[in-house]
Amino acid sequence: MYEEDYFVVLETNQPEQIVSVSELREKLKATLLKLNSVDLPNDLRRFDNLEAQVQYLIDTSCELDLGPGEYLQWYAVRLEK
Numbered sequence: 060m061y062e063e064d065y066f067v068v069l070e071t072n073q074p075e076q077i078v079s080v081s082e083l084r085e086k087l088k089a090t091l092l093k094l095n096s097v098d099l100p101n102d103l104r105r106f107d108n109l110e111a112q113v114q115y116l117i118d119t120s121c122e123l124d125l126g127p128g129e130y131l132q133w134y135a136v137r138l139e140k
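In this text, residue positions in the sequence shown follow my numbering: the first is 60, and each later residue adds one.
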């Protein structure tokens, strides 16, 4: 997929959502701000700012571990006209 403009987001106890890349960025920022820095995955700890962490997640991942029984997943989708 060449363009990642929209994503399906799955999270604990929430209905499936289709969001734009900017909405996904905001959701990831809010989620990362809620996490304690020691709870961040090791690969995110090397970044010194939130924007870099969010971009790294979008570029390389489709899931953020939020602890036992909690999840946040996102998958790029193509919307047809």
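Note that the Cβ used here is the ideal one computed from N, Cα and C, for glycine as well.
The C-alpha of E129 is placed about 8 Å away from the C-alpha of E70. The stretch 98-107 makes no contact with the stretch 69-89: fewer than 3 CB pairs, one atom from each, lie closer than 8 Å. One Cα belongs to V136, the other to V78, and the distance between them is close to 10 Å. According to the DSSP assignment, V67 belongs to the beta strand (DSSP E) that extends over 65-70. Contact check for L103 against Q112 passes: the beta carbons are separated by less than 8 Å.
Membership of L123 in the beta strand (DSSP E) is indicated by the continuous run 122-124. The Cβ atoms of L83 and W133 sit closer than 8 Å to each other. With a 10 Å radius around the Cβ and a threshold of 16 neighbouring Cβ atoms, K93 comes out exposed.
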